Amino acid sequence: MVDREQDVLRAASMYYLQDMKMEAIAKHLHTSRSTVSRLVKRARDTGLVEISLRPARSRGPGLGQHLASTWGIDAYVVPVPDQAPQVERLEQVALTTARLLSTWFDSDMILGIAWGTTLSAISRHLPQKPTRGSAVVQLNGAANTRTSGVHYAGDLIAGFGSAFDAHVHHFPVPAFFDYAETKRAMWRERSVRRVLDVQHRADIALFSVGAVAGGVPSHVYSAGYLEPDDIAVLDDEGVVGDVCTVFLRADGTYRDIALNERATGPAPEELRRVPRRVCAVAGDNKVAPLRAALRAGVVTDLVVDEITAAHLVAGA
Numbered sequence: 002m003v004d005r006e007q008d009v010l011r012a013a014s015m016y017y018l019q020d021m022k023m024e025a026i027a028k029h030l031h032t033s034r035s036t037v038s039r040l041v042k043r044a045r046d047t048g049l050v051e052i053s054l055r056p057a058r059s060r061g062p063g064l065g066q067h068l069a070s071t072w073g074i075d076a077y078v079v080p081v082p083d084q085a086p087q088v089e090r091l092e093q094v095a096l097t098t099a100r101l102l103s104t105w106f107d108s109d110m111i112l113g114i115a116w117g118t119t120l121s122a123i124s125r126h127l128p129q130k131p132t133r134g135s136a137v138v139q140l141n142g143a144a145n146t147r148t149s150g151v152h153y154a155g156d157l158i159a160g161f162g163s164a165f166d167a168h169v170h171h172f173p174v175p176a177f178f179d180y181a182e183t184k185r186a187m188w189r190e191r192s193v194r195r196v197l198d199v200q201h202r203a204d205i206a207l208f209s210v211g212a213v214a215g216g217v218p219s220h221v222y223s224a225g226y227l228e229p230d231d232i233a234v235l236d237d238e239g240v241v242g243d244v245c246t247v248f249l250r251a252d253g254t255y256r257d258i259a260l261n262e263r264a265t266g267p268a269p270e271e272l273r274r275v276p277r278r279v280c281a282v283a284g285d286n287k288v289a290p291l292r293a294a295l296r297a298g299v300v301t302d303l304v305v306d307e308i309t310a311a312h313l314v315a316g317a
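For the sequence shown, the residue numbers in this note's numbering are 2 to 317.
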């Protein structure tokens, strides 16, 4: 086992530090190219090698720089082909976000997760990075009238916990209460307050934006969380999407939207207390809700594909 780990170290050092080709490394180690590839992959997966990405500064031209200067954030623009389908754009953003998150999250930290389609994609790309004394906490409830939400949100949160060897805190409440007074009563319960306290101590919040329609559908709109009457009310209110199941208008306002009084996710004023707030976005239908989230001031770090970034800049 020690010899195996030494091979991982040697292969990674030659590949990343000496810029040697895999064929040359294979000859040096008296092994095959496929074995070298596995050794290099193991170096990444175990955290021996950490790949850092810096905010993009030049593509499009200057999409990352434009977003950073306009909104006061760090913007990581993910390269994708001009004709890439939205599913491919989502996967590339998810992969980049997963790698970035593994460099930011460490021992004795708390990571808040808002479930959704994009977060599910990110969870599939998480490298293994064992930490100590860390925690992952669910930011918004997942139950509705059709399901408890445990299988979907529970598995997603557990995936992040497993990747970082972190303690997991589930949030066993509905995505939306039927009545605002029920939510206020539940928020006084000690079992709920315990999870809320963990949320309030989060070092990093990871979320996407939900879009009302188009492209890859946002889970909150496609999985029965809202009744037709709710959708009609949101349309009348000028809602363009949501962050953590809290709805936003195009200008970033949210306080007087009635449905938000029944939502269980953190409102923007609560989310802004988290030091690092990572938003991962891909898809043309996400431009309007992303702009609303930026106007609400909930984003510190944005991971976005080139095409979406270009549309965002063009319409800013």
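Quick reminder that beta carbons are idealized off the backbone N, C-alpha and C, glycines included. All figures in this text were calculated on a predicted structure; none of them were measured in a lab.
Item to check | For ALA203 and VAL275, the rounded distance between their alpha carbons | outcome: The residue labelled residue 275 in the question sits at position 274 within the sequence shown. The residue labelled residue 203 in the question sits at position 202 within the sequence shown. Each residue's Cα considered, the two are about 6 angstroms apart.
Next on the checklist: Quick check: the Cα distance between TYR255 and ASP237, rounded to an integer number of angstroms?
Outcome noted: Here the question's residue 255 lines up with position 254 in the sequence shown. Here the question's residue 237 lines up with position 236 in the sequence shown. The straight-line gap from Cα to Cα measures roughly 13 angstroms.
Item to check | For GLY242 and PHE248, the rounded distance between their alpha carbons | outcome: Numbered from 1 along the sequence shown, position 247 holds the residue referred to as residue 248. Numbered from 1 along the sequence shown, position 241 holds the residue referred to as residue 242. For PHE248 and GLY242, the distance between alpha carbons rounds to 6 angstroms.
Checklist entry - Which value, in whole angstroms, describes the spacing of the CA atoms of ALA154 and VAL37? => result The residue you call residue 154 lines up with position 153 of the sequence shown. The residue you call residue 37 lines up with position 36 of the sequence shown. If I take the Cα positions, the gap works out to 37 angstroms.
Checklist entry - Near TRP105, what residues of its chain come up, given a Cβ to Cβ distance below 7 angstroms and the 5 sequence neighbours on each side ignored? => result Numbered from 1 along the sequence shown, position 104 holds the residue referred to as residue 105. The beta carbon of TRP105 is closer than 7 angstroms to those of ILE205 and ARG277 in its chain, skipping five residues each way along the sequence.
Checklist entry - Is there at least one Cβ from chain D nearer than 7 angstroms to PRO290's Cβ? => result Annotation note: the requested chain D is absent from the structure, which comprises a single protein chain.
Item to check | Short Cβ contact (7 angstroms threshold) for ALA76 with LEU295 | outcome: Here the question's residue 76 lines up with position 75 in the sequence shown. Here the question's residue 295 lines up with position 294 in the sequence shown. No.
Checklist entry - Would you say GLN139 and HIS171 are within 7 angstroms of each other, going by their C-beta atoms? => result For this step, residue 139 is matched to residue 138 along the sequence shown. For this step, residue 171 is matched to residue 170 along the sequence shown. The answer is yes: Cβ separation under 7 angstroms.
Next on the checklist: Let me check one thing: in DSSP terms, what residues is TYR77 bridge-paired to?
Outcome noted: To locate residue 77, count along the sequence shown from 1; it is residue 76. Beta-bridge partners of TYR77 (DSSP): VAL304.
Next on the checklist: Assess contact between the stretch 88-102 and the stretch 119-128, defined as three or more Cβ pairs (one per stretch) separated by less than 8 angstroms. Is contact present?
Outcome noted: Inter-segment contact for the stretch 88-102 and the stretch 119-128 is present: three or more beta-carbon pairs are separated by less than 8 angstroms.
Next on the checklist: Do VAL282 and VAL234 count as a contact pair if the criterion is CB distance below 7 angstroms?
Outcome noted: Within the sequence shown, the letter at position 233 stands for residue 234. Within the sequence shown, the letter at position 281 stands for residue 282. No, they are not a contact pair.
Checklist entry - Given a threshold of 16 other Cβ atoms within 10 Å of its Cβ, counted over all protein chains shown, does SER59 qualify as buried or as exposed? => result Indexing the sequence shown from 1 puts residue 59 at position 58. Note on SER59: pLDDT 40, under 50, position unreliable in the model; no value is reported.
Checklist entry - Alpha carbon to alpha carbon, how far is GLY160 from VAL169? => result Locating residue 160 in the sequence shown gives position 159, counting from the first residue. Locating residue 169 in the sequence shown gives position 168, counting from the first residue. Whole-angstrom Cα-Cα distance: 10 angstroms.
Checklist entry - So which of ALA69, THR71 and ARG90 has the shortest CA-CA distance to VAL79? => result On the sequence shown, position 78 is the one that residue 79 refers to. With distances taken between Cα atoms, VAL79 lies closest to ARG90.
Checklist entry - Which value, in whole angstroms, describes the spacing of the CA atoms of GLY316 and ARG292? => result Along the sequence shown, one-based indexing puts residue 316 at 315. Along the sequence shown, one-based indexing puts residue 292 at 291. Their backbone Cα atoms lie some 9 angstroms apart in a straight line.
Checklist entry - Around the Cβ of TYR16, are there at least 16 other Cβ atoms within 10 angstroms (buried) or fewer (exposed)? => result As a position in the sequence shown, residue 16 is number 15, starting the count at 1. TYR16 should be labelled buried.
Next on the checklist: When you compare the CB positions of ALA25 and ARG34, do they come within less than 7 angstroms of one another, or not?
Outcome noted: Within the sequence shown, residue 25 is the residue found at index 24, counting from 1. Within the sequence shown, residue 34 is the residue found at index 33, counting from 1. Cβ atoms of ALA25 and ARG34: not closer than 7 angstroms.
Item to check | Residue nearest to PRO267 in terms of C-alpha spacing, selected from GLY253, ASP285, VAL244 and ALA289 | outcome: Here residue 267 corresponds to residue number 266 of the sequence shown, with the count starting at 1. The option with the nearest alpha carbon to PRO267 is VAL244.
Checklist entry - Can you give the beta carbon distance from ARG100 to ALA181, rounded, assuming they're within the 8 angstroms contact cut? => result One-based indexing of the sequence shown puts residue 100 at position 99. One-based indexing of the sequence shown puts residue 181 at position 180. About 40 angstroms; that fails the 8 angstroms criterion.
Checklist entry - Does the beta-carbon of ASP306 have 16 or more other beta-carbons within 10 angstroms, so that it is buried, or is it exposed? => result The count along the sequence shown starts at 1 and reaches residue 306 at position 305. By the neighbour-count rule (16 or more Cβ atoms within 10 Å), ASP306 is buried.
Checklist entry - Around the Cβ of GLN87, are there at least 16 other Cβ atoms within 10 angstroms (buried) or fewer (exposed)? => result In the sequence shown, residue 87 corresponds to position 86, counting from 1. Around the beta carbon of GLN87, 16 or more other beta carbons sit within 10 angstroms, so the residue counts as buried.
Next on the checklist: Report the CB separation of ALA167 from ASN141 in whole angstroms; it is logged as a contact under 8 angstroms.
Outcome noted: Taking the first residue of the sequence shown as position 1, residue 167 is located at position 166. Taking the first residue of the sequence shown as position 1, residue 141 is located at position 140. Contact between ALA167 and ASN141 fails: their C-beta atoms lie close to 19 angstroms from each other, not under 8 angstroms.
Checklist entry - Since ARG90 is in the alpha helix (DSSP H), which residue starts that stretch and which ends it? => result To locate residue 90, count along the sequence shown from 1; it is residue 89. Here the alpha helix (DSSP H) through ARG90 covers 87-105.
Checklist entry - Are there 16 or more other CB atoms within 10 angstroms of the CB of ALA212, so buried, or fewer, so exposed? => result For the purposes of this step, residue 212 is identified with residue 211 of the sequence shown, where counting begins at 1. Buried, since its Cβ has 16 or more Cβ neighbours within 10 Å.
Item to check | Beta-carbon contacts of ALA289 that lie in its chain and below 8 angstroms, excluding the five residues immediately before and after | outcome: Start at 1 with the first residue of the sequence shown, and residue 289 comes out as number 288. Answer for ALA289: ALA212, VAL241, GLY242 and ALA251, listed in chain order.
Checklist entry - At which residues does the alpha helix (DSSP H) containing ASP236 begin and terminate? => result Mapped onto the sequence shown, residue 236 falls at position 235. Its alpha helix (DSSP H) spans residues 229-238.
Next on the checklist: Mapping the DSSP letters down to three states, classify ARG277 as helix, strand or coil.
Outcome noted: Working through the sequence shown from its first residue, we reach residue 277 at position 276. The answer is strand: DSSP assigns ARG277 an E or B state.
Item to check | Simplified DSSP state of ASP243, which is helix, strand or coil | outcome: Walking along the sequence shown from the start, residue 243 turns up at place 242. In the three-state DSSP reduction, ASP243 falls in the strand class (E or B).
Checklist entry - Where ARG189 and GLY48 are concerned, what is the direct C-alpha to C-alpha distance, given to the nearest angstrom? => result Translated into the one-based positions of the sequence shown, residue 189 becomes position 188. Translated into the one-based positions of the sequence shown, residue 48 becomes position 47. Per the coordinates, the alpha-carbon of ARG189 lies some 41 angstroms from the alpha-carbon of GLY48.
Checklist entry - Can the beta-carbon of GLY253 be found closer than 7 angstroms to that of ALA297? => result Reading the sequence shown from its first residue, position 252 is the one you call residue 253. Reading the sequence shown from its first residue, position 296 is the one you call residue 297. Contact flag set, yes.
Item to check | Counted within 10 angstroms of its Cβ, other Cβ atoms place THR71 as buried (16 or more) or exposed | outcome: As a working mapping, residue 71 is identified with position 70 in the sequence shown. THR71 is exposed by the Cβ-count criterion.
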